[in-house]
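Residues 61 to 227, numbered by the numbering used here, are exactly what the sequence shown covers, in order. Reading through the structure tokens given below for one structure.
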Amino acid sequence: MLAFTHVAAGCASSLLVAEYLHAGPVQTILIVAGGIIGSHLPDIDHPKSAFGSRVLPLSLPISAVFGHRGITHSLIAVAGMSWLIWWSLHYVHWQQGFTVPLVVGIATGYLSHLAGDFFTNSGVPLLWPSRRRFVSPLKFCTGDMREYLLAFGMYGWSLMECLRMLK
Ligand SMILES: [Zn+2]
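Quick look at the structure:
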């Protein structure tokens with residue numbers, strides 16, 4: 061999946077979370093900023109990805125040890141990010157301060173990335189270290205027309221939601 065689409069998914073999913081949590085304007089901005097950051101994080105295992113190429117001292121060793129779409133795209137990562145959201149919302153008074161909305165946004169964006177990769181032909185190795193990849197029955201090739209339609213749909217919906225929130 062293209063970075064462009066991952067950002068769209070990070071925006072849309074984090075906006076949904078912000079609405080679900082009845083977040084105020086500042087928290088919503090932090091959740092969405094976190095969502096955009098988190099939507100890039102799983103590809104830290106790919107030195108040529110949009111994010112990995114900017115953090116080569118991290119992405120090169122992670123890629124060498126785990127390979128692309130390894131542990132960062134597994135159920136271990138899903139469980140870790142889900143736990144992070146749950147823990148943040150249950151044990152920290154999140155409406156005061158900036159850290160929890162950002163962390164919740166990052167974890168949400170991270171999960172949206174894995175969901176997005178699940179819809180590509182390459183799939184995700186949910187049971188890593190098993191190499192078996194899981195692919196959605198509704199799948200598409202990275203960069204094909206359906207991916208662009210999906211991305212523009214999510215950007216459009218996110219924009220409409222932002223405009224609605226400003227009213
Ligand atoms: Zn990925």
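Yeah, the Cβ is synthetic: ideal placement off N, Cα and C, and Gly gets one too. Keep in mind it's a predicted model, so treat the numbers as computed, not measured.
By a C-beta neighbour count over all protein chains shown, 10 Å radius and 16 as the cutoff for buried, is T159 buried or exposed?
Residue environment: T159 is assigned as exposed (fewer than 16 neighbouring CB atoms within 10 Å of its CB, all protein chains considered).
Same chain only: Cβ atoms within 7 Å of I122, ignoring 5 sequence neighbours per side:
Correct list, in chain order: I104 and D105.
Counting beta carbon pairs with one atom in the stretch 198-212 and one in the stretch 139-148, are three or more of them shorter than 8 Å?
No: fewer than three Cβ pairs fall under 8 Å.
Distance, Cα to Cα, G176 vs L120?
Rounded to the nearest angstrom, the two C-alpha atoms are 23 Å apart.
Based on the DSSP output, what are the partners of T180 in its beta bridges?
Looking at the DSSP assignment, T180 forms a beta bridge with F200.
Are the beta-carbon atoms of L81 and I91 separated by less than 9 Å?
Their beta carbons are under 9 Å apart, which means L81 touches I91 by this criterion.
Assigned exposure category for V86 - 16 Cβ within 10 Å defines buried
Exposed, since its Cβ has fewer than 16 Cβ neighbours within 10 Å.
heavy atom of ligand 1 below 8 Å from R129 C-beta:
Yes, the beta carbon of R129 sits closer than 8 Å to at least one heavy atom of ligand 1.
Under a three-way DSSP split, which group does F194 fall into?
If DSSP states are grouped into helix, strand and coil, F194 belongs with the strands.
L187 versus A137 - alpha carbon distance
It is roughly 11 Å from the alpha-carbon of L187 to the alpha-carbon of A137.
Give me, in chain order, the residues of the same chain whose beta-carbon lies closer than 7 Å to that of T221; leave out the 5 immediate sequence neighbours on both sides.
According to the sequence shown, residue 221 is Glu rather than Thr. For E221, where only same-chain residues beyond five positions count, the Cβ hits under 7 Å are L75.
Near ligand 1: L62 beta-carbon under 8 Å from a heavy atom
No, the beta carbon of L62 sits no closer than 8 Å to any heavy atom of ligand 1.
Around the Cβ of F212, are there at least 16 other Cβ atoms within 10 angstroms (buried) or fewer (exposed)?
The residue in question, F212, is exposed, as its Cβ has fewer than 16 Cβ neighbours within 10 Å.
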